[in-house]
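Have a look at the structure below, then the notes.
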Amino acid sequence: MRRNRTWWLLITASALGAGWAWLEWGTELRTGIEAVMEALRAAGPWVFFTAMAVLPLFGFPLAPFTLAAGPVFGPQLGVGVVIGCAVAAVAVNVTLAYWVAGRALRPVVEWALRRAGRSLPVWPAKSHLELTLALRVIPGTPFFLQSYLLALARVPLGTYLAVSIGVPTTYIAATILAGDALGRGDRRTLMIGGLLCAAAGWGMHTVRVRLTKRFHARRVAEAAGAEEKETGGAARDA
């Protein structure tokens with residue numbers, strides 16, 4: 063309860079701060095945003111979406127690309143094409159991350175762990191989908207690090223790609239639709255985009271809750287099994 067209250071306070075404070083900044087420096091902010099949008103538009107979609115595919119490999123967040131894509135390229139390419147290009151960029155990014163982690167990072171990580179007397183954990187095949195979903199929908203871990211961790215865990219490529227592309231597609235499409243509508247001043251489409259963002263957030267929250275309950279039930283069952291085994295061993299010794 064206290065954690066939820068803290069999050070709501072942070073969200074409220076951020077919203078109030080953004081509103082105050084917009085009222086205080088609205089003209090300057092709009093001018094700066096328009097200048098950035100013009101620079102991105104002048105660079106062209108190939109540069110933008112190539113950067114969207116490559117830069118997150120080095121820790122650059124996806125959010126700035128997702129927020130900018132709609133208003134920058136929606137009027138030029140159409141919102142459907144922009145969404146398709148953004149999803150394709152994410153697909154290229156997660157594929158490259160899987161290859162980089164498997165070919166370049168894994169030998170280094172294994173060597174470092176061996177030096178420390180440890181080894182990479184081995185995840186059973188039946189938990190690969192749960193692991194991938196958990197990393198992709200539970201907030202906290204940066205997107206690029208999620209990709210590297212899943213590749214190091216040797217999640218099958220098909221499972222990895224299906225979840226790693228499917229989950230971001232939901233909020234990318236909604237955000238680009240809303241951003242394009244905001245840029246064009248289309249209130250109706252903006253409302254639809256906002257509702258889609260809310261639906262995507264609700265869907266991921268539902269998945270998070272179910273995964274959390276499943277993990278908790280599994281931990282309880284494992285603890286009960288360990289306790290029963292210990293009790294049984296003590297009884298036999300007696």
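One point on numbering: in the working numbering, the residue at position 107 of the sequence shown is 169, and numbering is uninterrupted. The beta carbon of each residue, even a glycine, is placed where N, CA and C say it ideally should be. Computed from a prediction, not measured in an experiment: that's the story for all the values here.
By the three-class DSSP mapping on this structure, what secondary structure does residue i have?
| i | result |
| --- | --- |
| S226 | helix |
| R180 | coil |
| G247 | coil |
| L124 | coil |
| R276 | helix |
| T203 | coil |
| P186 | coil |
| G241 | helix |
| G106 | coil |
| G140 | coil |
So is residue i buried or exposed if we call it buried at 16+ other beta carbons inside 10 Å?
| i | result |
| --- | --- |
| S209 | buried |
| P126 | exposed |
| P204 | exposed |
| F120 | exposed |
| P230 | buried |
Quick one: what's got a C-beta closer than 6 Å to residue i's C-beta in the same chain, skipping five residues either side?
| i | result |
| --- | --- |
| G164 | A213 |
Which same chain residues end up closer than 7 Å to residue i when comparing Cβ atoms and leaving out the 5 residues on each side of it in sequence?
| i | result |
| --- | --- |
| G256 | A240 |
| G195 | This sequence places Leu at residue 195; Gly is not what is there. Around L195: V225, V269, L273. |
| A262 | T232, Y233, A236 |
At the level of alpha carbons, what is the spacing between residue i and residue j?
| i | j | result |
| --- | --- | --- |
| P133 | T237 | 10 Å |
| G247 | G136 | 12 Å |
| G146 | M253 | 21 Å |
| A178 | A159 | 25 Å |
| K275 | G220 | 26 Å |
| H267 | V199 | 8 Å |
What residue does the alpha helix (DSSP H) around residue i start on, and which one ends it?
| i | result |
| --- | --- |
| A215 | No alpha helix (DSSP H) holds A215; DSSP gives it neither H nor E. |
| A163 | It is not in any alpha helix (DSSP H) - A163 carries neither H nor E in the DSSP assignment. |
Compare the C-beta of residue i with all C-beta atoms of chain C and state if any pair is closer than 8 Å.
| i | result |
| --- | --- |
| V170 | Judged by its chain identifiers, the structure shown contains no chain C, having just a single protein chain. |
Excluding the 5 residues flanking residue i on each side, which residues of the same chain have their C-beta closer than 8 Å to its C-beta?
| i | result |
| --- | --- |
| V156 | S209, Y222, L223, S226, I227 |
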